[in-house]
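Undergrad:
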Amino acid sequence: DAKTTQPTSMDCAEGRAANLPCNHSTISGNEYVYWYRQIHSQGPQYIIHGLKNNETNEMASLIITEDRKSSTLILPHATLRDTAVYYCIVRVRDTDKLIFGTGTRLQVFP
Amino acid sequence: DAGITQSPRHKVTETGTPVTLRCHQTENHRYMYWYRQDPGHGLRLIHYSYGVKDTDKGEVSDGYSVSRSKTEDFLLTLESATSSQTSVYFCAISGVAANVLTFGAGSRLTVL
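As they're listed, the protein sequences go chains A and B.
First residue of the first sequence? That's 49 in the working numbering, and the numbers climb one at a time after it.
First residue of the second sequence? That's 3 in the working numbering, and the numbers climb one at a time after it.
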């Protein structure tokens with residue numbers, strides 16, 4: 049199972065882009081990269097996922113390197129409400145499980 | 003929370019007592035999961051279910067059992083609660099094995 053490595057914490061100014069990196073150097077060819085976030089003590093919330101190509105939705109963009117060994121989640125215009133813990137997850141191959149790590153705590157400041 | 007409810011939301015119990023947490027969904031989703039969250043450990047998978055009466059273990063299944071007798075309910079049981087099981091428990095559901103999970107609001111359990 050591919051493991052992920054994320055910085056423990058990051059800061060971002062409100063209105064600026066927040067770029068959250070994730071390293072998954074042991075990812076297999078058919079494993080997807082998922083991003084979730086958890087605001088305060090709420091349940092985690094799905095953000096985006098991808099396999100090879102870059103993806104964009106109303107919440108964020110996901111940039112995956114060509115060798116797939118790392119990815120970046122981009123929040124284009126961070127707001128205070130984006131302050132949360134962000135989890136980068138690689139789907140366990142051929143199973144239905146989703147294993148979380150400890151994530152990156154993003155603090156957006158005014 | 004998108005058709006998923008957990009009960010109870012808060013519970014305080016004593017060591018050695020049995021505890022059952024319930025996760026109820028109205029989405030008719032096939033997959034259901036139980037996670038626990040503790041400071042410094044993030045979210046850890048306890049058990050999950052991929053259909054009625056079909057369950058499997060996660061990362062931290064010792065001391066927990068689950069049951070799923072119908073699609074909408076997934077029960078997590080602590081046969082004899084210990085203080086190490088004090089935690090916040092989250093239930094999640096997924097419609098297909100694409101792993102886009104929807105989480106419940108959580109159940110905070112304190113074992114004294």
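No residue lacks a Cβ here, since even glycine has one placed at the ideal position from N, Cα and C.
1) Could you say which of Thr84(B), Arg46(B), Leu77(B), Leu47(B) lies nearest to Thr112(B) if we only look at CA atoms?
2) Excluding the five sequence neighbours on either side, which residues of its own chain have a C-beta within less than 8 Å of the C-beta of Asn101(A), listed in chain order?
3) Pick from Thr131(A), Thr104(A), Leu128(A), Leu68(A): whose alpha carbon is nearest that of Thr52(A)?
4) Which residues, in order along the stretch 17-44 of chain B, keep a beta-carbon less than 8 Å from a beta-carbon of chain A?
5) Quick check: what's the CA-CA separation for Thr120(A) versus Ser109(A)?
6) Distance, Cα to Cα, Arg46(B) vs Thr19(B)?
7) Apply the 10 Å Cβ neighbour rule to Arg116(A) and answer buried if 16 or more other Cβ atoms are within range, or exposed otherwise.
8) Does DSSP put Leu128(A) in a helix, a strand or coil?
9) Who pairs with Pro55(A) in a beta bridge, going by DSSP?
10) What residues in the stretch 69-85 of chain B have a beta carbon less than 8 Å from any beta carbon of chain A?
11) Go ahead and pull the three-state DSSP assignment for Ser86(B).
12) Are the stretch 47-60 of chain B and the stretch 102-112 of chain B in contact at 8 Å, needing three or more beta carbon pairs?
13) Output, in chain order, the set of chain B residues within a Cβ distance shorter than 8 Å of Tyr94(A).
14) Classify Ser89(B): buried if its beta carbon has 16 or more other beta carbons within 10 angstroms, exposed otherwise.
15) Check whether the Cβ atoms of Arg38(B) and Tyr52(B) lie closer than 8 Å to each other.
16) Would you report the Cα separation of Ala162(A) and Leu114(B), rounded to the nearest angstrom?
17) Are the Cβ atoms of Glu62(A) and Ala126(A) separated by less than 8 Å?
18) For Ile147(A), does the three-state DSSP call read helix, strand or coil?
19) With a floor of 3 residues, list each beta strand (DSSP E) that falls wholly inside the stretch 10-86 of chain B, ordered by position along the chain.
20) Ordered along the chain, which non-local residues of its own chain (more than five positions away) have a Cβ less than 7 Å from that of Gly98(A)?
TA: On the basis of the coordinates in this document:
1) Thr84(B)
2) Ile112
3) Leu68(A)
4) Tyr33, Tyr35, Tyr37, Gly42, His43, Gly44
5) 8 Å
6) 23 Å
7) buried
8) helix
9) Answer is none; Pro55(A) lacks a bridge partner.
10) none
11) helix
12) no
13) Val102, Leu103, Thr104
14) buried
15) no
16) Residue coverage of chain A in this structure runs from 49 to 158, which leaves residue 162(A) outside it and unanswerable.
17) yes
18) coil
19) 12-15, 21-27, 33-40, 44-53, 56-59, 67-72, 75-80
20) Tyr80, Val81, Leu110, Ile112
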